[in-house]
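Trainee: Note that the sequence shown covers residues 60 to 228 in my numbering. Sending over a structure as structure tokens; questions will come in a sec.
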Amino acid sequence: MPKKKSTTITQGLKGKSVSASRTEMTEVVLPQDANVFGNILGGRVMHLVDIAAAITAHRHCRSMAVTASVDHIDFRNPIRIGEIITLKASLNRAFHTSMEIGVKVFSEDILTGEKKHTTSAYVTFVALDENHQPKPVPPVICETPEDRRRFREALVRRKYRLAHRANRA
Ligand SMILES: CC(C)(COP(=O)(O)OP(=O)(O)OC[C@H]1O[C@@H](n2cnc3c(N)ncnc32)[C@H](O)[C@@H]1OP(=O)(O)O)[C@@H](O)C(=O)NCCC(=O)NCCS
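Structure (structure tokens):
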């Protein structure tokens, strides 16, 4: 069946601020989330990253959305059983039908309160219409210098991502 595309143009959509879709998720690391060393499994962190990014994507576009790609993820510090894990997700840039969301992960020692930045990831979500086809997303409104820096840098990452996609095809 030929692919049916939404025809609405992004420019016709009202912009939404970065703060309107910002997401924070907090959990405690339980034994079932951990490897034999007592550290959270990388796959569990990736699962939580995907969920935090999905909530931000849905809050921004208010429609169905799917993960199109996750950029390189590295794990800088382990997170131990019993520690608190916090994920902060925010929309870096909305393109046409896709959105780049940055997710930062922090650990927190429950006894000392010490916090460590453990992981960063960039996740691309694509908004879908009722026919499950990509649909335009609202533009993002940057409010702070940090929002503007992330907005600029997202374009550079998108170029690499799309070049990688083109090479793969
Ligand atoms: C993501 C998906 C909807 C893209 O569909 P498509 O037919 O390739 O759509 P298009 O070529 O029109 O691209 C749509 C948008 O996705 C972006 N996109 C597609 N693949 C991408 C990738 N690998 N990385 C980043 N962006 C990507 C395009 O750049 C475009 O964005 P833009 O409109 O902002 O420029 C489709 O590949 C899909 O459904 N994938 C499975 C998603 C899924 O199930 N995820 C859960 C984990 S399996």
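Glycine residues also receive a C-beta, built at the ideal position from the N, C-alpha and C atoms.
Whole-angstrom Cβ separation of isoleucine 144 and isoleucine 110, contact assumed at under 8 angstroms?
Mentor: For the purposes of this step, residue 144 is identified with residue 85 of the sequence shown, where counting begins at 1. For the purposes of this step, residue 110 is identified with residue 51 of the sequence shown, where counting begins at 1. Cβ atoms of isoleucine 144 and isoleucine 110 stay farther apart than 8 angstroms, at about 12 angstroms.
Trainee: Roughly how far, in whole angstroms, is the beta-carbon of valine 32 from the beta-carbon of alanine 148, given that I think they are within contact range, below 8 angstroms?
Mentor: There is simply no residue 32 to check, as the chain begins at 60 and stops at 228 in what is shown.
Trainee: How about threonine 82 and threonine 115: are their beta carbons less than 8 angstroms apart?
Mentor: On the sequence shown, residue 82 is found 23 positions in, with the first residue counted as 1. On the sequence shown, residue 115 is found 56 positions in, with the first residue counted as 1. In contact: threonine 82 and threonine 115 (Cβ atoms closer than 8 angstroms).
Trainee: DSSP three-state label for isoleucine 114, please.
Mentor: Within the sequence shown, numbered from 1, the residue matching residue 114 stands at position 55. It is helical.
Trainee: Just mark serine 166 as buried or exposed, buried being the case when its beta carbon has 16 or more other beta carbons within 10 Å.
Mentor: Residue mapping note: residue 166 aligns to position 107 of the sequence shown, counting from 1. Buried.
Trainee: Roughly how many whole angstroms lie between the Cα atoms of serine 78 and leucine 146?
Mentor: The count along the sequence shown starts at 1 and reaches residue 78 at position 19. The count along the sequence shown starts at 1 and reaches residue 146 at position 87. One C-alpha to the other measures close to 15 angstroms.
Trainee: In this structure, how does DSSP classify valine 108 when only helix, strand and coil are distinguished?
Mentor: Position 49 of the sequence shown, counted from the first residue, corresponds to residue 108. It is helical.
Trainee: I'd like to check one pair, valine 88 with isoleucine 140: are the Cβ atoms closer than 8 angstroms?
Mentor: Sequence index remark: in the sequence shown, residue 140 carries index 81 (1-based). Sequence index remark: in the sequence shown, residue 88 carries index 29 (1-based). Yes.
Trainee: Enumerated in chain order, which unbroken segments of the alpha helix (DSSP H) with a length of 4 residues or greater are wholly contained in the segment 148 to 183?
Mentor: Complete alpha helix (DSSP H) runs here, min 4: none at all.
Trainee: Which of the three DSSP states, helix, strand or coil, is assigned to asparagine 136?
Mentor: Against the sequence shown, residue 136 aligns to sequence position 77. Reduced to three states, the DSSP call for asparagine 136 is coil.
Trainee: Can you find a heavy atom of ligand 1 that lies under 7 angstroms from the Cβ of alanine 127?
Mentor: Taking the first residue of the sequence shown as position 1, residue 127 is located at position 68. Indeed, a heavy atom of ligand 1 lies less than 7 angstroms from the Cβ.
Trainee: Please name the residue, chosen from Leu187, Cys120 and Glu212, that lies closest to proline 204 on a Cα-to-Cα basis.
Mentor: One-based indexing of the sequence shown puts residue 204 at position 145. The option with the nearest alpha carbon to proline 204 is Glu212.
Trainee: Among residues of its own chain, excluding the 5 on either side of threonine 156, which ones have a beta-carbon nearer than 7 angstroms to its beta-carbon?
Mentor: Counting from 1 along the sequence shown, the entry for residue 156 is found at position 97. Taking C-beta separations shorter than 7 angstroms and ignoring five residues to either side along the sequence, the partners of threonine 156 in its chain run Val185, Ala186, Pro193, Lys194, Pro195 and Val196, following chain order.
Trainee: With DSSP as the reference, label lysine 75 as helix, strand or coil.
Mentor: Counting from 1 along the sequence shown, the entry for residue 75 is found at position 16. Here lysine 75 sits in strand by DSSP.
Trainee: Quick one, which of Arg152, Glu142, Arg224 and His191 has its alpha-carbon nearest threonine 171's?
Mentor: Here the question's residue 171 lines up with position 112 in the sequence shown. For threonine 171, the closest alpha carbon among the candidates Arg152, Glu142, Arg224 and His191 is that of Glu142.
Trainee: If you drop the 5 nearest sequence neighbours on each side, which residues of the same chain put their C-beta closer than 7 angstroms to that of valine 182?
Mentor: In the sequence shown, the residue the question calls residue 182 occupies position 123. Excluding residues within five positions, the ones whose Cβ falls inside 7 angstroms are Val108, Asp109, Ala112, Thr126, Val129, Ile160 and Val162.
Trainee: When you compare only the Cα positions, how much space is there between isoleucine 132 and threonine 178?
Mentor: The residue you call residue 132 lines up with position 73 of the sequence shown. The residue you call residue 178 lines up with position 119 of the sequence shown. Taken atom to atom, the span from the alpha-carbon of isoleucine 132 to that of threonine 178 is near 7 angstroms.
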